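Notes to accompany the following structure.
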Amino acid sequence: MDLQAAEKRAQELHNLLNQYNYEYYVLDQPSVPDSEYDRLTQELLKIEEEFPELQTSESPTQRVGGQVLDAFKKVQHNVPMLSLANAFNEDDLRDFDRRVRQALDENSYSYVCELKIDGLAVSLKYEDGLFVQGSTRGDGTVGEDISANLRTIRSIPLRLREPLTLEVRGEAFMPKQSFIALNAIRDEKGEEPFANPRNAAAGSLRQLDPRIAASRNLDIFLYGVAEAEELGVSTHSESLEMLERLGFKTNNERKVCRTIDDVIQYVSGWADKRPKLSYEIDGIVIKVNSLAQQKELGTTAKSPRWAIAFKFPAEEVVT
Ligand SMILES: NC(=O)c1cnc(N)c2cc(Br)sc12
352 MDLQAAEKRA
362 QELHNLLNQY
372 NYEYYVLDQP
382 SVPDSEYDRL
392 TQELLKIEEE
402 FPELQTSESP
412 TQRVGGQVLD
422 AFKKVQHNVP
432 MLSLANAFNE
442 DDLRDFDRRV
452 RQALDENSYS
462 YVCELKIDGL
472 AVSLKYEDGL
482 FVQGSTRGDG
492 TVGEDISANL
502 RTIRSIPLRL
512 REPLTLEVRG
522 EAFMPKQSFI
532 ALNAIRDEKG
542 EEPFANPRNA
552 AAGSLRQLDP
562 RIAASRNLDI
572 FLYGVAEAEE
582 LGVSTHSESL
592 EMLERLGFKT
602 NNERKVCRTI
612 DDVIQYVSGW
622 ADKRPKLSYE
632 IDGIVIKVNS
642 LAQQKELGTT
652 AKSPRWAIAF
662 KFPAEEVVT
């Protein structure tokens, strides 16, 4: 096989492996057995061994780098990663709604309710559809570059289904079963167990050796697009649909609520459903759906006026 033929076959294998990875890790609906995925991966590794110039960073074989970092670089967030004000009861939610209604010129607005994933907030940057950088929230304006660790999360696409340049936000987390298994291994090794899945996810993503992060079965839900209005999106619901169209994993437990009464009903419905989830949540995020109204409401020094987090009490993890 000459370089031109190798390049053509490598591109075919990238497309196949990216699609199968998407089906398995994002849709949870694999269309081929693992053996087929492994066979194609071996074929690509063989081509890259024979033609090293084809072993590019976007290759599906390059999710886990071998280089151990000395430290994490700092990353400036051009669009600040905000934190949410908290609500703890129905009165807090009604106060929030009253503030929204008073601040908006018009009375017609709706909310989107989403599960508040108990993990680590991260930002992912793509250029022309290729994953170029991933970072932690940090203090909201400066985070740490953990690209090498985030690349190991199989539900994060290395190449989007459209060649867009954009930044997306989400929550990386450790599924409950992975957390239990990890602590069992740590216990056998006489190591300190992680207190909860959130700490385990944060500890895993702060490893300087990406092979450790790769071994921790981390996952992610994306829930925001920075500067979505510039991409022709007018509501948060449409942002989530765009994320899905691009190949990201989103959390489908979400509801558009026309009134705060609907929000309260949705929130109260989730309190006792948490144990059934395969991941931990610590509340429900409620956002004004219209991006124009979000802009009209603006933000305080660190939190948006157009969103609030209803917090549940800490969940007891079954060990
Ligand atoms: N769906 C969401 O907006 C969402 C889910 N889970 C989280 N931990 C967070 C945190 C912020 Br800040 S937003 C958000």
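Our numbering puts the sequence shown at residues 352 to 670.
Using N, Cα and C, we set each Cβ at its ideal position, and we do this for glycine too.
Remember, it's a predicted structure, so these values are computed and weren't measured experimentally.
Worksheet item: Can we count Glu-637 as close to ligand 1, meaning its CB is less than 7 Å from some heavy atom?
Response: Working through the sequence shown from its first residue, we reach residue 637 at position 286. Inspection of the sequence shows that residue 637 is occupied by Ile rather than by Glu. Taking 7 Å as the cut-off, the C-beta of Ile-637 does not count as close to any heavy atom of ligand 1.
Worksheet item: Are there 16 or more other CB atoms within 10 angstroms of the CB of Gln-558, so buried, or fewer, so exposed?
Response: Position 207 of the sequence shown, counted from the first residue, corresponds to residue 558. Here Gln-558 is buried. Its C-beta has 16 or more other C-beta atoms within 10 Å.
Worksheet entry | Local conformation of Val-377 per DSSP, three classes | What you label residue 377 is simply residue 26 of the sequence shown in a count that begins at 1. The DSSP-derived three-state label of Val-377 is helix.
Worksheet item: For Gly-491, is the beta carbon positioned less than 7 Å from some heavy atom of ligand 1?
Response: In the sequence shown, residue 491 corresponds to position 140, counting from 1. No, ligand 1 has no heavy atom inside 7 Å of this Cβ.
Worksheet item: Taking three-plus beta-carbon pairs below 8 Å as touching, is the region 424-437 in contact with the region 379-394?
Response: Counting Cβ pairs under 8 Å, fewer than three are found: no touch.
Discussion item. Quick check: does the Cβ of Glu-522 come within less than 7 Å of any heavy atom belonging to ligand 1?
Written reply: In the sequence shown, the residue the question calls residue 522 occupies position 171. At least one heavy atom of ligand 1 lies less than 7 Å from the C-beta of Glu-522.
Fill in: Asp-490 versus Arg-445, Val-473, Pro-514, residue with shortest Cα-Cα distance
Translated into the one-based positions of the sequence shown, residue 490 becomes position 139. For the residues Arg-445, Val-473, Pro-514, the minimum Cα distance to Asp-490 belongs to Val-473.
Fill in: Local conformation of Gln-528 per DSSP, three classes
In the sequence shown, the residue the question calls residue 528 occupies position 177. Assignment of Gln-528 by DSSP, reduced to helix, strand and coil, places it in the helix class.
Worksheet entry | Pro-523 - partner residues in DSSP beta bridges | On the sequence shown, residue 523 is found 172 positions in, with the first residue counted as 1. A small correction: the amino acid at residue 523 is Ala; Pro does not occupy that position in the sequence shown. Note: Ala-523 is bridge-paired with Leu-471, Ile-571 in the DSSP secondary-structure output.
Worksheet item: Thinking just about the alpha-carbon of each residue, which of Trp-657, Arg-605, Ala-361, Gln-645 is nearest to the one in Ile-635?
Response: On the sequence shown, residue 635 is found 284 positions in, with the first residue counted as 1. Cα-wise, what sits closest to Ile-635 is Arg-605.
Practice prompt. Please report the residue range of the alpha helix (DSSP H) in which Gly-491 lies.
Written response: Numbered from its first residue, the sequence shown carries residue 491 at position 140. If you look at Gly-491, you'll find it isn't in any alpha helix (DSSP H); DSSP assigns it neither H nor E.
Worksheet item: Where does Ser-498 fall in DSSP's three states?
Response: In the sequence shown, the residue the question calls residue 498 occupies position 147. It is helical.
Worksheet item: Nearest to Ala-622 by alpha carbon, out of Tyr-630, Lys-662, Thr-650?
Response: Looking up residue 622 in the sequence shown gives position 271. The option with the nearest alpha carbon to Ala-622 is Lys-662.
Worksheet item: Hey, would you say Tyr-574 sits closer than 8 Å to Thr-610, going by beta carbons?
Response: Here residue 574 is taken as the residue at index 223 of the sequence shown, counted from 1. Here residue 610 is taken as the residue at index 259 of the sequence shown, counted from 1. No, the Cβ-Cβ distance between Tyr-574 and Thr-610 is not below 8 Å.
Worksheet item: Buried or exposed: which applies to Ile-468, given that a residue is buried once 16 or more other Cβ atoms fall within 10 Å of its Cβ?
Response: Start at 1 with the first residue of the sequence shown, and residue 468 comes out as number 117. Label assigned to Ile-468: buried.
Worksheet item: Does DSSP put Leu-674 in a helix, in a strand, or in coil?
Response: Outside the shown range of the chain, which is 352 to 670, sits residue 674, and nothing can be said about it.
Discussion item. My output table needs one value for Ser-386: the three-state DSSP class, helix, strand or coil.
Written reply: The sequence position of residue 386 within the sequence shown is 35, counting from 1. Look at Ser-386 here: in three-state DSSP terms it is helix.
Discussion item. DSSP has Gly-634 in a bridge; who is on the other side?
Written reply: Position 283 of the sequence shown, counting from 1, holds the residue named residue 634. Its beta-bridge partners are Lys-467, Lys-662.
Practice prompt. Give, in chain order, every unbroken run of the beta strand (DSSP E) that is at least 3 residues long and sits entirely within the region 414-467.
Written response: Runs of the beta strand (DSSP E) inside the region 414-467: 425-427.
Worksheet entry | Cβ pair Arg-596, Arg-512 closer than 8 Å | By one-based count along the sequence shown, residue 596 stands at place 245. By one-based count along the sequence shown, residue 512 stands at place 161. Arg-512 sits close to Arg-596, with the two beta carbons spaced by under 8 Å.
Worksheet entry | Residues that Thr-586 bridges to, as DSSP identifies them | Here residue 586 is taken as the residue at index 235 of the sequence shown, counted from 1. Answer is Ser-641.
Worksheet item: In three-state DSSP terms, what is Gln-370?
Response: Start at 1 with the first residue of the sequence shown, and residue 370 comes out as number 19. If DSSP states are grouped into helix, strand and coil, Gln-370 belongs with the helices.
Worksheet item: What do you reckon, is the C-beta of Ser-434 under 7 Å from a heavy atom of ligand 1?
Response: For this step, residue 434 is matched to residue 83 along the sequence shown. Taken from the Cβ of Ser-434, at least one heavy atom of ligand 1 lies inside 7 Å.
Worksheet item: Can you list, in chain order, the residues of its chain whose CB lies under 7 Å from that of Thr-650, leaving out five sequence neighbours each side?
Response: Indexing the sequence shown from 1 puts residue 650 at position 299. Taken in chain order, the residues that qualify are Leu-433, Arg-656.
Worksheet item: Contact check, Leu-455 vs Ile-504 under 8 Å by CB: the rounded distance?
Response: For the purposes of this step, residue 455 is identified with residue 104 of the sequence shown, where counting begins at 1. For the purposes of this step, residue 504 is identified with residue 153 of the sequence shown, where counting begins at 1. In fact, because the Cβ distance is near 38 Å, the residues do not count as touching under 8 Å.
Worksheet item: Among Lys-624, Leu-648, Ile-632, which residue has its Cα nearest to the Cα of Lys-638?
Response: As a working mapping, residue 638 is identified with position 287 in the sequence shown. Residue Leu-648 is the option with its Cα nearest to Lys-638.
Worksheet item: Arg-510 bridges to which residues according to DSSP?
Response: For the purposes of this step, residue 510 is taken as the residue at position 159 of the sequence shown. Beta-bridge partners of Arg-510 (DSSP): Leu-481.
Worksheet item: In chain order, what residues of the same chain have a beta carbon less than 8 Å from the beta carbon of Phe-439, not counting five sequence neighbours either side?
Response: Position 88 of the sequence shown, counting from 1, holds the residue named residue 439. Only residues of its own chain outside the window of five on either side were considered, and among them Phe-661, Lys-662 have a CB closer than 8 Å to the CB of Phe-439, listed in chain order.
Practice prompt. Less than 8 Å between the CB atoms is what I'm expecting for Leu-368 and Thr-392, so what's the real figure, rounded?
Written response: As a first step, residue 368 must be located in the sequence shown, where it is residue number 17. As a first step, residue 392 must be located in the sequence shown, where it is residue number 41. 6 Å between Cβ atoms; contact.
Discussion item. Can you tell me whether Glu-465 sits near ligand 1, meaning its C-beta is under 7 Å from at least one heavy atom of the ligand?
Written reply: For the purposes of this step, residue 465 is taken as residue 114 along the sequence shown, with counting starting at 1. Flag set: Cβ of Glu-465 near ligand 1.
Worksheet item: Which whole runs of the beta strand (DSSP E) in the region 606-631 are 3 residues long or more, in chain order?
Response: With a minimum length of 3 residues, no continuous beta strand (DSSP E) run stays inside the region 606-631.
Item to complete: Decide if Ser-555 is buried, meaning its Cβ has at least 16 other Cβ atoms within 10 Å, or exposed.
Response: Translated into positions along the sequence shown, residue 555 becomes position 204. Counting every other CB atom within 10 Å of its CB across the protein chains shown gives Ser-555 a total of 16 or more, marking it as buried.
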